[in-house]
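Laid out in structure tokens, this is it:
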């Protein structure tokens with residue numbers, strides 16, 4: 503939602519100022535910006551719905567259309583609106599993605615000029631619109647601004663080049679990695695990572711020792727996107743030694759993204775000892791991405807005893823990726839006894855992913871009674887994957903009391919996959935008063951490929967930087 507509020511702010515700026523992006527914006531910007539108040543810890547506070555609605559009342563249709571477009575697509579837009587909406591957004595913005603349309607040259611020039619504005623909202627809106635234009639139109643101007651005397655302009659120019667990705671900008675951006683201003687260095691590193699510029703690898707690694715954490719983090723993330731095994735040793739040092747947790751976390755992500763097998767011991771060590779939960783979570787994710795069997799012990803230990811719910815959940819997911827049969831015991835225990843429903847659900851899903859021994863652990867059957875619908879769904883799906891005939895009684899009992907349509911369908915699938923094909927059982931399923939049960943039974947009897955659509959529960963952990 504903060505993305506929505508930001509878009510409302512900048513859209514207000516653009517729509518109310520006509521040809522001059524610097525004027526007549528303060529009332530709307532102030533009312534919306536109030537929702538961005540930061541807490542003492544520096545994290546964004548919960549957004550203020552009252553302030554948002556107050557700012558929206560009476561605002562020009564263009565503002566509301568752009569903000570609503572961000573809401574409906576979580577910042578990305580979509581094409582799934584109802585035929586009639588309060589604003590008739592399609593009539594205002596057009597059927598396509600307005601942000602990607604080719605703007606007239608005069609508008610592009612106006613936006614490029616506005617990058618030097620003393621108003622941050624003007625710069626924010628301008629650079630995002632510029633970055634969506636053809637790189638041959640905006641690239642040369644942005645490259646020129648990368649050498650401007652104004653550090654703020656250089657910073658926003660590097661941002662724009664990362665959005666537009668003109669290949670001619672690679673060398674200027676590499677030179678900008680030595681800029682005296684941290685924001686320029688950080689944005690240039692980010693841009694080179696987006697462009698996957700192999701020639702930037704050595705200069706980026708050199709920034710791993712930058713005095714500014716923001717710059718180190720950007721350089722590490724960019725290096726992780728360059729798909730080069732030669733960076734693994736340097737990334738591992740950052741993971742083990744950097745004093746800032748956010749930098750260590752991104753180093754773990756980079757090693758996982760590179761699937762750096764040789765980094766698995768370091769990641770396993772960090773998983774067991776780092777003081778920051780988000781670093782441990784990312785280390786678990788990286789070990790799952792690498793799929794290194796020597797990491798099973800560290801992941802099982804994290805699943806059993808880490809104090810953070812997200813770390814335990816990600817460890818369960820990672821164990822499913824490695825597909826080690828010995829993990830079934832630890833996953834079954836987590837499914838039965840973990841205090842967090844998401845961990846229990848992901849452990850259940852992981853057991854279905856393993857499908858080892860065709861026996862359902864007692865912990866998995868326990869999740870059929872879980873308070874969380876999502877966890878029950880994953881357990882039912884997992885039982886269908888395992889196909890354990892000894893679980894039929896527990897599945898049938900769960901079906902009698904289950905209220906969720908999705909979970910009932912998954913339970914019917916589990917019944918049939920587990921061998922419930924007796925005449926009495928099929929008669930019971932096909933004569934059920936619940937149409938979802940009857941449909942699932944018919945699909946199951948029609949054959950393996952006829953089970954679709956059926957729920958594919960997927961665990962939550964995807965901790966990207």
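Residue numbers (my numbering): 503 to 967. In this text, a Cβ means the ideal position worked out from N, Cα and C, and glycines have one as well.
Does the beta-carbon distance from residue i to residue j come in below 9 Å?
i           : j           : result
residue 711 : residue 718 : yes
residue 764 : residue 729 : no
residue 758 : residue 788 : yes
residue 773 : residue 734 : no
residue 786 : residue 747 : no
residue 691 : residue 679 : yes
residue 636 : residue 604 : yes
residue 881 : residue 872 : yes
residue 793 : residue 825 : yes
residue 845 : residue 879 : no
residue 888 : residue 910 : no
residue 687 : residue 724 : no
residue 847 : residue 891 : no
residue 553 : residue 566 : no
residue 492 : residue 589 : Past the edges of the chain, shown from 503 to 967, lies residue 492, and the structure says nothing about it.
Can you give the beta carbon distance from residue i to residue j, rounded, assuming they're within the 8 Å contact cut?
i           : j           : result
residue 762 : residue 731 : 7 Å
residue 817 : residue 770 : Actually they are not in contact, since the Cβ atoms of residue 817 and residue 770 sit about 11 Å apart, beyond 8 Å.
residue 854 : residue 837 : No, residue 854 and residue 837 are not in contact; Cβ-Cβ is about 10 Å, not under 8 Å.
residue 713 : residue 662 : With a Cβ gap of about 26 Å, residue 713 and residue 662 do not count as contacting.
residue 671 : residue 641 : 6 Å
residue 750 : residue 781 : 5 Å
residue 919 : residue 886 : 4 Å
residue 737 : residue 766 : Not quite, the Cβ-Cβ distance comes to about 13 Å (not below 8 Å), so this is no contact.
residue 675 : residue 694 : 5 Å
residue 810 : residue 779 : 4 Å
How long is the line joining the alpha carbons of residue i and residue j, rounded to whole angstroms?
i           : j           : result
residue 685 : residue 669 : 21 Å
residue 707 : residue 740 : 10 Å
residue 966 : residue 768 : 19 Å
residue 862 : residue 914 : 16 Å
residue 753 : residue 870 : 38 Å
residue 644 : residue 609 : 15 Å
residue 831 : residue 849 : 11 Å
residue 833 : residue 721 : 36 Å
residue 689 : residue 618 : 16 Å
residue 917 : residue 634 : 51 Å
residue 828 : residue 742 : 29 Å
residue 653 : residue 638 : 24 Å
residue 841 : residue 897 : 23 Å
residue 895 : residue 921 : 11 Å
residue 803 : residue 899 : 33 Å
residue 647 : residue 681 : 13 Å
residue 776 : residue 705 : 28 Å
residue 703 : residue 677 : 13 Å
residue 744 : residue 795 : 27 Å
residue 632 : residue 655 : 14 Å
residue 843 : residue 867 : 14 Å
residue 650 : residue 625 : 15 Å
residue 937 : residue 791 : 40 Å
residue 659 : residue 726 : 23 Å
For residue i, name the three-state secondary structure that DSSP assigns.
i           : result
residue 546 : Unreliable placement is indicated for residue 546, whose pLDDT of 47 sits below 50; the coordinate value is still reported in the next sentence. The answer is strand: DSSP assigns residue 546 an E or B state.
residue 822 : helix
residue 870 : coil
residue 698 : coil
residue 848 : helix
residue 669 : helix
residue 647 : helix
residue 795 : helix
residue 654 : helix
residue 966 : coil
residue 725 : helix
residue 808 : coil
residue 800 : helix
residue 606 : coil
residue 937 : helix
residue 634 : coil
residue 758 : helix
residue 621 : coil
residue 815 : helix
residue 714 : coil
residue 860 : coil
residue 689 : helix
residue 908 : helix
residue 764 : helix
residue 899 : helix
residue 746 : coil
residue 642 : helix
residue 612 : helix
I'd like to confirm something about residue i: is its beta-carbon nearer than 8 Å to some heavy atom of the ligand MG, or not?
i           : result
residue 837 : The model depicted lacks the ligand MG and carries no ligand whatsoever.
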